[in-house]
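If you read the sequence shown in UniProt numbering, its first letter stands for residue 1, the second for the next number, and so on. Yeah, the Cβ is synthetic: ideal placement off N, Cα and C, and Gly gets one too. Everything numeric in this text was worked out from a predicted model, so none of it was measured. See structure below.
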Amino acid sequence: MIDYASAKKPDAPSGTARELAEMLSAVRQPGTSRSVSEVMGPQETRGAAIGNDRPVQVHALRLPSFVLSCEAIFGAPDERLTIRHDAGSSAMPYVAGTLLAVRRVGEATGLRRGLDGLLD
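Right, here's the structure in full:
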């Protein structure tokens, strides 16, 4: 995974990227390539290992030209699938999600994380 954000964002990777990596690590199949521990070179270049049994490697970029983006890249022999979300030029998509959660908070009981249970 690659987590992109503004150079001013203090956390890396973002909470969104961390949560997505934790969810992916719980459901993904074992990798088909060599173990991350077997890759030669500086360990820092491999990203942060996030998740329990099968951690997902997450890289974080903090650059002035980004607002918020997250990219998940899956690979198999001779093919790749990339899923990417870009927040555009502002944090408005996150504001819209927060407002949705506020409007629907009375419908849920207990602690909830994420908007997936609130989307129609």
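Item to complete: Tell me, please, which residues DSSP counts as bridged to residue 69.
Response: 4 and 86
Item to complete: Look at the Cβ atom of residue 73, then the Cβ atom of residue 62, and state whether they are nearer than 8 Å.
Response: no
Worksheet item: Where in the stretch 7-53 do unbroken runs of the alpha helix (DSSP H), each at least 4 residues long, occur, reported from the N-terminal end onward?
Response: 15-27
Worksheet item: In the structure shown, what three-state DSSP assignment does residue 118 receive?
Response: coil
Worksheet item: Candidates 104, 102 and 67: which alpha carbon is nearest residue 91's?
Response: 67
Worksheet item: Do the CB positions of residue 42 and residue 7 come within less than 8 Å of each other?
Response: Result no, Cβ atoms of residue 42 and residue 7 do not sit closer than 8 Å.
Item to complete: Quick one: measure Cβ to Cβ for residue 71 and residue 1, integer angstroms, because I've assumed they're closer than 8 Å.
Response: 7 Å
Item to complete: Would you list the residues sitting across from residue 75 in a DSSP beta bridge?
Response: 80
Practice prompt. Grab me the residues of residue 47's own chain with a C-beta within less than 7 Å of its C-beta, minus the 5 sequence neighbours each way, in chain order.
Written response: Once the five neighbours on either side are set aside, the close Cβ partners of residue 47 are 57, 58 and 59.
Discussion item. Tell me the rounded alpha-carbon separation between residue 97 and residue 105.
Written reply: 12 Å
Worksheet item: Should residue 94 be labelled buried (16 or more other beta-carbon atoms within 10 Å of its own) or exposed?
Response: exposed
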